[in-house]
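Report on the structure given below.
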Amino acid sequence: GRVFDQEYETNVPPNKIDWWPGDPETEMKKVDNAWWADYVIRRLVQSPVIGSIAAQLSRSDKVRLFQDQLLHKPGIGPDSPRSGSVGWHQDWSYWKCTRPDHALTARISVDGETLENGCMRVVPSSFHWPLQSTKMFFQSDATIEDLPEFEVPDGENIKVELLELKPGQVSFHHSRTIHGSGENRTENPRRTIIVHMLPGDTRYQSGTGDHPWAVAVLASQTDKELKDGDLWSGDRFPVIYSRGESSNAS
Numbered sequence: 014g015r016v017f018d019q020e021y022e023t024n025v026p027p028n029k030i031d032w033w034p035g036d037p038e039t040e041m042k043k044v045d046n047a048w049w050a051d052y053v054i055r056r057l058v059q060s061p062v063i064g065s066i067a068a069q070l071s072r073s074d075k076v077r078l079f080q081d082q083l084l085h086k087p088g089i090g091p092d093s094p095r096s097g098s099v100g101w102h103q104d105w106s107y108w109k110c111t112r113p114d115h116a117l118t119a120r121i122s123v124d125g126e127t128l129e130n131g132c133m134r135v136v137p138s139s140f141h142w143p144l145q146s147t148k149m150f151f152q153s154d155a156t157i158e159d160l161p162e163f164e165v166p167d168g169e170n171i172k173v174e175l176l177e178l179k180p181g182q183v184s185f186h187h188s189r190t191i192h193g194s195g196e197n198r199t200e201n202p203r204r205t206i207i208v209h210m211l212p213g214d215t216r217y218q219s220g221t222g223d224h225p226w227a228v229a230v231l232a233s234q235t236d237k238e239l240k241d242g243d244l245w246s247g248d249r250f251p252v253i254y255s256r257g258e259s260s261n262a263s
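Using our numbering, you'd call the opening residue of the sequence shown number 14 and step up by one each time.
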């Protein structure tokens, strides 16, 4: 609501906005790092509960916020041309500037997610598979039912499962999990708050060209030249869970 309307409680804008007032209402709205702009979003995406679960899943003692995203998948109804899909991809294919490849994501459902409104679909166990060449996140007219030719290890099979959520429920997935989502064929929006997280020992991998916005923010956090192997750290990547310490320590 407020952030999409460019109402910034902190007077600091998000660092990346992919939908502006006046753009087609059938396009998916996406904002990165809304926590910079809004205190309510900040409290939610820095939840120590989410951080604690992420630490358990990643077997880490510390977890940092990498970035948040606000996703607003518009309801386009049953007859409109396809729009607002998210093509099949692995998050880490866009995040190779982080190493090792152990980042993970929490997805907080605001309205509930169903097949009809374009819930996320996942390929279980695919986080063990090789990094795929598929990078279709921004293909908003993707036909989600058409699977690319994935590189599948011997003994594994491609199986797609729906990740349906009730309002307020949270799901977690690994950054190498293959996933995507279809269009929202209802009349109401499907809103989701995304929390991307990094285990505390995550380091910068230079030369990838990936995620230049996050890399620029990381570079701004140090008074020295950013170099390969530097720790992802700083106030823009706050600690949201540290074993044995109070939350939001740096």
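C-beta atoms are modelled at their ideal positions from N, C-alpha and C, and glycine is treated no differently.
These numbers were taken from a predicted model, which means no experiment stands behind them.
For the alpha helix (DSSP H) containing residue i, list its first residue and its last residue.
{"i": "Gln145", "result": "Taken as a continuous stretch (DSSP letters only), Gln145 belongs to no alpha helix (DSSP H), as it is neither H nor E."}
{"i": "Ala68", "result": "61-71"}
{"i": "Ala229", "result": "225-233"}
{"i": "Ile206", "result": "Here Ile206 belongs to no alpha helix (DSSP H); instead the beta strand (DSSP E) covers 203-212."}
Looking only at its chain, what residues have a beta carbon closer than 7 Å to the beta carbon of residue i, apart from the 5 residues adjacent to it on each side?
{"i": "Asp223", "result": "Tyr107, Trp108, Lys109, Cys110"}
{"i": "Glu20", "result": "none"}
{"i": "Asn261", "result": "With a pLDDT of only 47 at Asn261, under 50, the local geometry of the prediction cannot be trusted, and the value read off the model is given with reservation. Counting only Cβ-Cβ distances below 7 Å, and skipping sequence neighbours, we find Gln59, Pro251, Val252, Ile253."}
{"i": "Val230", "result": "Asn28, Arg249"}
Grab me the residues of residue i's own chain with a C-beta within less than 8 Å of its C-beta, minus the 5 sequence neighbours each way, in chain order.
{"i": "Glu200", "result": "Gly88, Gly90"}
{"i": "Val165", "result": "Trp142, Ile171"}
Below 6 Å CB to CB, which residues in the same chain sit around residue i once its five sequence neighbours on both sides are set aside?
{"i": "Met133", "result": "Leu176, His192, Ser194"}
{"i": "Ser263", "result": "Since pLDDT at Ser263 reaches only 42, below the 50 mark, its modelled position is unreliable, and no value is offered."}
{"i": "Glu129", "result": "Arg198, Thr199"}
Tell me where the beta strand (DSSP E) around residue i begins and ends.
{"i": "Cys257", "result": "The sequence as given places Gly at residue 257; Cys does not occur at that position. Note, Gly257: premise wrong, no beta strand (DSSP E); not H, not E."}
{"i": "Leu265", "result": "Because the chain here runs from 14 to 263, residue 265 falls outside it and cannot be looked at."}
{"i": "Val99", "result": "99-102"}
{"i": "Asp45", "result": "42-45"}
{"i": "Val183", "result": "183-187"}
{"i": "Gly193", "result": "192-194"}
{"i": "Val135", "result": "133-135"}
{"i": "Ala119", "result": "117-122"}
{"i": "Leu244", "result": "That residue, Leu244, is in no beta strand (DSSP E); it is neither H nor E in DSSP."}
Classify residue i as helix, strand or coil using the three-state DSSP reduction.
{"i": "Arg15", "result": "coil"}
{"i": "Ala50", "result": "coil"}
{"i": "Ser93", "result": "coil"}
{"i": "Phe140", "result": "helix"}
{"i": "Leu128", "result": "coil"}
{"i": "Ser263", "result": "Any reading at Ser263 needs caution, since the residue's pLDDT is 42, under 50, leaving its predicted position unreliable; the model's value is listed next. In this structure, Ser263 counts as coil in the three-state DSSP scheme."}
Would you mind giving the Cβ-Cβ distance between residue i and residue j, rounded to the nearest angstrom? I have them listed as a contact below 8 Å.
{"i": "Phe185", "j": "Ala67", "result": "7 Å"}
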